[in-house]
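Take any residue in the sequence shown, note its place counting from 1, add 38, and you have its number in the working numbering. Ideal Cβ placement from N, Cα and C applies to all residues, glycine included. A short worksheet on the structure shown next.
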Amino acid sequence: MLTELDILKDVTGRFDKLSIEYMLTGSLAISYYVQPRMTRDIDLVVEILPVMIERIEQIFKSDYYLSVESIKDAVKNEFIFNLIHNKSSIKIDCIIRKNERYKIVEFERRKKIKLTDFHIFIVSKEDLIISKLFWIKEGNSELQKSDVKNLLNSGFDREYLLNWVKELNLHKIFDKIEYE
Numbered sequence: 039m040l041t042e043l044d045i046l047k048d049v050t051g052r053f054d055k056l057s058i059e060y061m062l063t064g065s066l067a068i069s070y071y072v073q074p075r076m077t078r079d080i081d082l083v084v085e086i087l088p089v090m091i092e093r094i095e096q097i098f099k100s101d102y103y104l105s106v107e108s109i110k111d112a113v114k115n116e117f118i119f120n121l122i123h124n125k126s127s128i129k130i131d132c133i134i135r136k137n138e139r140y141k142i143v144e145f146e147r148r149k150k151i152k153l154t155d156f157h158i159f160i161v162s163k164e165d166l167i168i169s170k171l172f173w174i175k176e177g178n179s180e181l182q183k184s185d186v187k188n189l190l191n192s193g194f195d196r197e198y199l200l201n202w203v204k205e206l207n208l209h210k211i212f213d214k215i216e217y218e
């Protein structure tokens, strides 16, 4: 039976073959940094240009469900598209990296790590905290708050985090969680 890690290795290996830059984020990134937990999907931030779409279709279509129109829309609108592994039904959310200053810096700060027998790029811990703060701002999830607390208790670059929290107007949410 294929696991999320098997699918992650396969997808990132195919992205590497296509020279598509990516970084792991979301629940699997949380699991790497602090606390393993169940996940429903794999979240990857990707840099994809329109000229890459045909090659993506060719390299994935035999083993994954994908919609070329969905990929085109996602690339055009800096949104999200899905790959779904045919045999395992594991879903990969491919989030197009936005062309905003913070998102560019976040992507440049990604880290290369080793997971079992392969290497991948993962969001930095500080940027994962910021991502979770955005989610809290949108929906005030207790799970997201718990993730932030766990990440804050595991060591981080405080100066970098505080600078961006202030610039992105997330300081009230951050302060409330940090001092709860």
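1. Can you list, in chain order, the residues of its chain with a C-beta nearer than 7 Å to that of L43? Leave out the 5 residues immediately preceding and following it.
2. Is M61 helix, strand or coil by DSSP?
3. K99 by DSSP, collapsed to three states: which one?
4. Give a yes or no on contact between the stretch 193-203 and the stretch 177-184, applying the rule of three or more CB pairs nearer than 8 Å.
5. Am I right that V186 and L206 are in contact with their C-beta atoms under 8 Å? What's the rounded C-beta distance?
6. Check the C-beta distance from I211 over to K175 and give it rounded, since I have them as a contact under 8 Å.
7. Just verifying my parser: in three-state terms, what is the DSSP assignment at V161?
8. For R52, I'd like the list of residues in its chain whose CB is within less than 7 Å of its CB, leaving aside the five on either flank, ordered along the chain.
9. Are I59 and E85 closer than 8 Å when you measure CB to CB?
10. Go through the stretch 138-202 residue by residue and report every complete run of the beta strand (DSSP E) that reaches 3 residues or more, in order.
11. Tell me which residue opens and which closes the alpha helix (DSSP H) that E116 is part of.
Answer, in terms of the structure:
1. L153, T154
2. strand
3. coil
4. no
5. 14 Å between Cβ atoms; not a contact.
6. 6 Å
7. coil
8. I97, F98
9. Reading the sequence as shown, one finds Glu at residue 59 and not Ile. Taking 8 Å as the Cβ cut-off, E59 and E85 qualify as a contacting pair.
10. 149-153, 156-160
11. No alpha helix (DSSP H) holds E116; DSSP gives it neither H nor E.
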